[in-house]
Amino acid sequence: MINPSKLHYTGIVLLMMGLGFSILTIMRGLPTYVNVIQVGLPGNSTFPLFMPSMWSPRNVRIAIYLSSGEIDLLIFDKPNFNAFMRSGDAIPLREFKGLRGEVINFEIPARGEYYMVAKNRGALTVDGEIVLTFWGFESDLTYLSIALLVLGVAFWIYGRFLKKGS
802 MINPSKLHYT GIVLLMMGLG FSILTIMRGL PTYVNVIQVG LPGNSTFPLF MPSMWSPRNV
862 RIAIYLSSGE IDLLIFDKPN FNAFMRSGDA IPLREFKGLR GEVINFEIPA RGEYYMVAKN
922 RGALTVDGEI VLTFWGFESD LTYLSIALLV LGVAFWIYGR FLKKGS
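In the numbering used here, the protein residues as written are 802 to 967.
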């Protein structure tokens, strides 16, 4: 037979953990992280951009400001980035072609290491900057918080009803 006191106590512990992760999720999700990358790409060149490689599953806004020309922007996960650097041929996670001054929004699918590569297919040097803004709540922490809260409430209520029934 299940001990109602232990079930009730487990529910309270899970509920507190869920509340803690919820607060952590909110605290990590409220500030936006901005990274500005200065670009000076010579003609017909490909260049990996320096940036933080560990991305959390959040929304990303990429704003591109170029003085002239256009670039292609490729976003890779770690295995494909390594393959791209070795052979120049790999499948990017996302690929944006012919960018001049666009703003791109997309969601990072999972926590992990991601890399950006800029390509200049034109003959002239392209100067400008790329502004990355990471914003929103991290989806993996949000799901963990919700799961812990639901389990905690379920265990707590079930333990209370078992205790009253005994």
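Glycine residues also receive a C-beta, built at the ideal position from the N, C-alpha and C atoms.
If you're wondering where the values come from, they're calculated on a predicted model, not measured in any experiment.
* **Anticipated Cβ contact below 8 Å, residue 871 with residue 923, distance rounded** => 7 Å
* Rounded to the nearest angstrom, how far is the Cβ of residue 865 from that of residue 915, given a contact under 8 Å? -> Actually they are not in contact, since the Cβ atoms of residue 865 and residue 915 sit about 17 Å apart, beyond 8 Å.
* Asked: Does the separation of the CB atoms of residue 919 and residue 848 fall below 8 Å?
  -> yes
* Report yes if the CB atom of residue 836 is closer than 8 Å to the CB atom of residue 933, and no otherwise. => yes
* Asked: In three-state DSSP terms, what is residue 953?
  -> helix
* Smallest Cα separation from residue 858: which of 826, 885, 883 and 839? -> 826
* residue 899 versus residue 885 - alpha carbon distance -> 20 Å
* Counted within 10 angstroms of its Cβ, other Cβ atoms place residue 917 as buried (16 or more) or exposed -> buried
* To do: Mark residue 863 as exposed unless 16 or more other C-beta atoms lie within 10 angstroms of its C-beta, in which case mark it buried.
  => buried
* Euclidean distance between Cα positions of residue 856 and residue 940 -> 12 Å
* **Exposure label - residue 844; buried when at least 16 CB within 10 Å** => exposed
* Report back the beta-carbon spacing between residue 944 and residue 808 to the nearest angstrom; my notes put them in contact at under 8 Å. => About 24 Å; that fails the 8 Å criterion.
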